[in-house]
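Input: a single structure, listed below in structure tokens.
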Amino acid sequence: MSRFTLPRDIYHGKGCLEELKNLKGRRAFLVTGGGSMKRQGFLDKAAAFLEEAGMELRFFEGVEPDPSVETVLKGAEAMRSFQPDWIVSIGGGSPIDAAKAMWAFYEYPDITFEDLCVPFHFPELRRLARFAAIPSTSGTATEVTAFSVITDYQTGVKYPLADFNITPDVAIVDPELVQGLPARQIAYTGMDALTHAVEAYVSTLHCPFTDPLALKAIEMVLDYLPASYRGNQSSREQVHYAQCLAGMAFSNALLGIVHSMAHKTGAAFTCGHIPHGCANAIYLPYVIRYNARVPEAASRYAQIARAAGLAGASEQSLVNSLCEKIFSYNKDMDIPCSLQGFGIPEMEFREKLAKISELAVSDACTGSNPRPITTAGMQRLITCAYYGTEVDF
């Protein structure tokens, strides 16, 4: 038996932020990030709509990129003091992910972070509050997913939390919130969305409910991302919807080792953080070549290439076309095509490779990858992605 879970309500279209005024409740705890939503006036709009709904508000601002365990615990403590019946998060993936984890600690103060790291073993939520998510970027799709990524900065490891309980009750996908995003963020989040859809389509848990969502998302990202990157607002709106479709797909089909690798390398190097979407963009073509040695995965990558209108007379040539397409998008949007190109020092890379590979294999996303991988295989694969060399195993 399989399960397919989405938010109860998904509002989309320009101006749909206004739907906040129709929520029914007494207190709303509003979680946001570094200030862009406040500077652009969207935080004030959200607050005004919630007040129009008759709710008392409490703000929790300043959630950092790649939210920390400490931020989550601090937010949960503030929730317990305020006792909201709605948790509303507006911003990028980081504040929404943080608010999801805060929600669990709010409802279960005695639970431990280690308990929540066990995939699909959350306690039942919604005893105290429901959750509304409003994304301001076009990549993570956390507004419709059963996932949250929290970082332990003491170890440098990202922990993907996974449980259908943290799928939001309401998602508000308003393209007005992404109109002012900088080009680099459009590039990284767009490639994150593409990776979500591709990994969902080839996942061992893909199904007839997830396949159409994944394929449509892939087509839309490939069609609209270049123009969105250049600032075209109608294309930017379509990418915002595409990332949401990709989220619906991967929340139910799960992901693969592109994300396993990105989770474990994002905060691992002293030269600087690798943004999640950038890491996914770097790793994706290398993982496609690795997975395509499994016939079923090769067939599905070829289906993706055909749906995208790419050239190829054989499955292998279609797989090659798909990889070349991804490399060309990276190049056109100034994303490096290797970890070395990102600037990671070779000596530090070699020192940390074994541990990173071990952690990546044990990541929650590895289990649904279409081709199994060992720690030794992961070392080889990440090495190919570091130097930009061919994956021939």
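In our numbering, the protein residues as written are 18 to 410. For every residue, glycine included, the Cβ atom is placed at its ideal position computed from N, Cα and C. Computed from a predicted structure; not experimentally measured.
Rank 130, 209, 153 and 252 by C-alpha distance to the C-alpha of residue 191 and give the top, closest one.
-> Taking the first residue of the sequence shown as 1, we reach residue 191 at position 174. Residue 153 is the option with its Cα nearest to residue 191.
Leaving out five residues before and five after residue 227 in sequence, what residues of the same chain have Cβ atoms less than 7 Å from its Cβ?
-> Within the sequence shown, residue 227 is the residue found at index 210, counting from 1. These residues qualify, in order along the chain: 217, 266, 269 and 270.
Just how far apart, CA to CA, sit residue 189 and residue 118?
-> Here residue 189 refers to the residue found at position 172 when the sequence shown is read from its first residue. Here residue 118 refers to the residue found at position 101 when the sequence shown is read from its first residue. Distance between the alpha carbons of residue 189 and residue 118 is about 19 Å.
One or two residues paired with residue 150 in a DSSP bridge | Sequence index remark: in the sequence shown, residue 150 carries index 133 (1-based). The partner list for residue 150 (beta bridge, DSSP) reads 106 and 188.
Which residue or residues does DSSP assign as beta-bridge partners of residue 26?
-> Numbered from its first residue, the sequence shown carries residue 26 at position 9. Looking at the DSSP assignment, residue 26 forms a beta bridge with 187.
Return the residue from the list 286, 312, 276 and 232 that minimises the CA-CA distance to residue 296.
-> Along the sequence shown, read from residue 1 onward, the residue named residue 296 stands at position 279. Looking at the Cα atoms, 276 is the closest of the given residues.
Do residue 315 and residue 341 have their CB atoms nearer than 8 Å?
-> Position 298 of the sequence shown, counting from 1, holds the residue named residue 315. Position 324 of the sequence shown, counting from 1, holds the residue named residue 341. Contact: no.
Euclidean distance between Cα positions of residue 202 and residue 196 = The residue you call residue 202 lines up with position 185 of the sequence shown. The residue you call residue 196 lines up with position 179 of the sequence shown. Between residue 202 and residue 196, the C-alpha separation is close to 12 Å.
Exposed or buried, residue 138, counting other C-beta atoms within 10 Å across all chains shown (16 or more means buried)?
-> One-based indexing of the sequence shown puts residue 138 at position 121. Flag for residue 138 reads exposed.
With residue 116 and residue 219 assumed to form a contact (beta carbons below 8 Å), what rounded beta-carbon distance in angstroms separates them?
-> Within the sequence shown, numbered from 1, the residue matching residue 116 stands at position 99. Within the sequence shown, numbered from 1, the residue matching residue 219 stands at position 202. Incorrect: roughly 30 Å between the Cβ atoms, too far for contact.
What's the C-alpha gap between residue 108 and residue 53?
-> Position 91 of the sequence shown holds residue 108. Position 36 of the sequence shown holds residue 53. Near 8 Å, if we compare the C-alpha coordinates of residue 53 and residue 108.
Span separating the alpha-carbon of residue 30 from that of residue 402 = In the sequence shown, counting from the first residue as 1, residue 30 sits at position 13. In the sequence shown, counting from the first residue as 1, residue 402 sits at position 385. Near 38 Å, if we compare the C-alpha coordinates of residue 402 and residue 30.
Can you have a look at residue 336 and say buried or exposed, based on whether 16 or more other CB atoms are within 10 angstroms of its CB?
-> Here residue 336 is taken as the residue at index 319 of the sequence shown, counted from 1. With 16 or more Cβ atoms within 10 Å of its Cβ, residue 336 is classed as buried.
With DSSP collapsed to three states, give me the class of residue 414.
-> An answer regarding residue 414 cannot be provided, because it is not within the stretch 18 to 410 covered by the chain.
Can you tell which of 22, 101, 40 and 281 has its C-alpha closest to the C-alpha of residue 146?
-> The residue given as residue 146 occupies position 129 in the sequence shown. The candidate whose alpha carbon is nearest that of residue 146 is 101.
Would you mind reading off the limits of the beta strand (DSSP E) that contains residue 46?
-> Against the sequence shown, residue 46 aligns to sequence position 29. Unbroken beta strand (DSSP E) run through residue 46: 44 to 48.
In its own chain, which residues sit with a C-beta less than 6 Å from the C-beta of residue 289, not counting the 5 before and 5 after it?
-> Reading the sequence shown from its first residue, position 272 is the one you call residue 289. Counting only Cβ-Cβ distances below 6 Å, and skipping sequence neighbours, we find nothing.
Output yes or no for whether 8 Å exceeds the beta carbon distance between residue 40 and residue 149.
-> Here residue 40 refers to the residue found at position 23 when the sequence shown is read from its first residue. Here residue 149 refers to the residue found at position 132 when the sequence shown is read from its first residue. Yes; because the gap between Cβ atoms is below 8 Å, this pair is in contact.
State the DSSP-derived secondary structure class of residue 363, mapped to helix, strand or coil.
-> Translated into positions along the sequence shown, residue 363 becomes position 346. In this structure, residue 363 counts as helix in the three-state DSSP scheme.
Segment limits, beta strand (DSSP E) that includes residue 75 | Position 58 of the sequence shown, counting from 1, holds the residue named residue 75. Counting along the chain, the beta strand (DSSP E) containing residue 75 begins and ends at 73 to 77.
Answer with buried or exposed for residue 83, where buried requires no fewer than 16 other C-beta atoms within 10 angstroms of its C-beta.
-> Along the sequence shown, read from residue 1 onward, the residue named residue 83 stands at position 66. Its Cβ being crowded by 16 or more others within 10 Å, residue 83 is buried.
Going by Cα to Cα distance, which pick from 326, 321, 372 and 356 is closest to residue 300?
-> Your numbering for residue 300 matches position 283 in the sequence shown. Residue 356 is the option with its Cα nearest to residue 300.
Name the residue from 159, 85, 308 and 25 whose alpha carbon lies nearest to the alpha carbon of residue 388.
-> By 1-based counting over the sequence shown, the position of residue 388 is 371. Residue 388 has its Cα closest to that of 308, out of 159, 85, 308 and 25.
Measuring CB to CB, does residue 158 end up less than 8 Å from residue 142?
-> Taking the first residue of the sequence shown as position 1, residue 158 is located at position 141. Taking the first residue of the sequence shown as position 1, residue 142 is located at position 125. No, these two residues do not count as a Cβ contact at 8 Å.
Own chain, CB closer than 8 Å to residue 407, minus 5 neighbours either side, in chain order = Residue 407 sits at position 390 when you count from the first residue of the sequence shown. Counting only Cβ-Cβ distances below 8 Å, and skipping sequence neighbours, we find 306 and 401.
Residue 207 vs residue 156 beta-carbon contact at 8 Å = Translated into positions along the sequence shown, residue 207 becomes position 190. Translated into positions along the sequence shown, residue 156 becomes position 139. Closer than 8 Å, so yes.
Kindly list the residues whose CB is nearer than 6 Å to the CB of residue 392, restricted to its own chain and excluding five residues on each side of it in sequence; keep chain order.
-> Here residue 392 is taken as the residue at index 375 of the sequence shown, counted from 1. The answer, listed in chain order, is 374, 375 and 378.
Look at the Cβ atom of residue 352, then the Cβ atom of residue 235, and state whether they are nearer than 8 Å.
-> Taking the first residue of the sequence shown as position 1, residue 352 is located at position 335. Taking the first residue of the sequence shown as position 1, residue 235 is located at position 218. No.
Own chain residues within Cβ distance below 6 Å of residue 232, not counting five before or after | Working through the sequence shown from its first residue, we reach residue 232 at position 215. Here the set comprises 324.
Beta-carbon proximity check, residue 237 vs residue 250, cutoff 8 Å | Translated into the one-based positions of the sequence shown, residue 237 becomes position 220. Translated into the one-based positions of the sequence shown, residue 250 becomes position 233. Against a cut-off of 8 Å, the Cβ pair of residue 250 and residue 237 comes out as no contact.
In whole angstroms, what separates the C-alpha of residue 230 from that of residue 106?
-> Here the question's residue 230 lines up with position 213 in the sequence shown. Here the question's residue 106 lines up with position 89 in the sequence shown. Distance between the alpha carbons of residue 230 and residue 106: 25 Å.
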